[in-house]
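Mind the numbering: the sequence shown is residues -20 to -1, 1 to 159 in mature numbering (1 follows the signal peptide of the UniProt record, and there is no 0), read in order.
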Amino acid sequence: MTSSVAAAIGLIALTACQHAAPPRGDRVAAATQAATPAGSTAGGAAMAQPAVNGAPVVTFHLAQLQPAEGLARVQPNPQVSLYAARQPVFTQADLRQVIPVQDSRGQVFLRFEFNQRGSEKLAQVTRAAIGNYLLLSIRGRLVAIPRIQTAHEDGSFPVPFDSVEEAQSVVRLLRQAAG
């Protein structure tokens, strides 16, 4: 197998992510909370905002546990390294809205709802990348690392959070980015 074929396979494998993220540690939560103003309220965030200075505000990068040519090493905490595609597989241009939800067991999620173009990409990426991860960043700040557990054919991708407060902090970051 040539190195370019191996790199292509690695990028395809990177495309889909599950919800069970590797341990993030307190660094992601602390970084998220440090950027959020006190007194903001939670709720959904519309995603029609343009890129800032040409760079996307919201990005999802495909990532995997194994290194491969062309992938960048990302270390969300000292015990975990992931290897991510350098270009995002999704940006805010693929999103319609983000809605905070809580399931019957109390698990808190942000449900990222994709527009038509994004929904098609989401289905394709998640079918191809089950078992890999999506790195969710807002303005270059890593805020979540959901694992792709299944293909998402319905145009939405739930991103789990450890608490309501953590999810609210991410919603506030999204609002700041849109503002």
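We put the CB at the ideal spot given by N, CA and C, even for glycine.
### Message
Three Cβ pairs or more, each shorter than 8 Å: is that satisfied between the region 73 to 81 and the region 43 to 63?
### Response
no
### Message
Per the DSSP calculation, glutamate 93 is bridged to which residue(s)?
### Response
Gln77 and Ser136
### Task
Could you give the DSSP three-state label for arginine 53: helix, strand or coil?
strand
### Query
Span of the beta strand (DSSP E) holding leucine 42?
38 to 44
### serine 117, enclosing beta strand (DSSP E) - first and last residue
113 to 118
### Message
Considering just the uninterrupted stretch of the beta strand (DSSP E) at serine 61, what are its terminal residues?
### Response
60 to 65
### Run of the beta strand (DSSP E) containing valine 123, from where it starts to where it stops
121 to 124
### Distance, threonine 106 Cα to glutamine 129 Cα
8 Å
### Query
Which of the three DSSP states, helix, strand or coil, is assigned to threonine 130?
coil
### Proximity of valine 123 and leucine 116 at Cβ, strictly below 8 Å
yes
### Message
Using 8 Å as the cut-off, can you tell me whether the region 79 to 89 makes contact with the region 46 to 57, which would need three or more C-beta pairs spanning the two stretches below that distance?
### Response
no
### Query
Nearest to arginine 155 by CA position, among Phe137, Arg119, Val88 and Val144, is which residue?
Arg119
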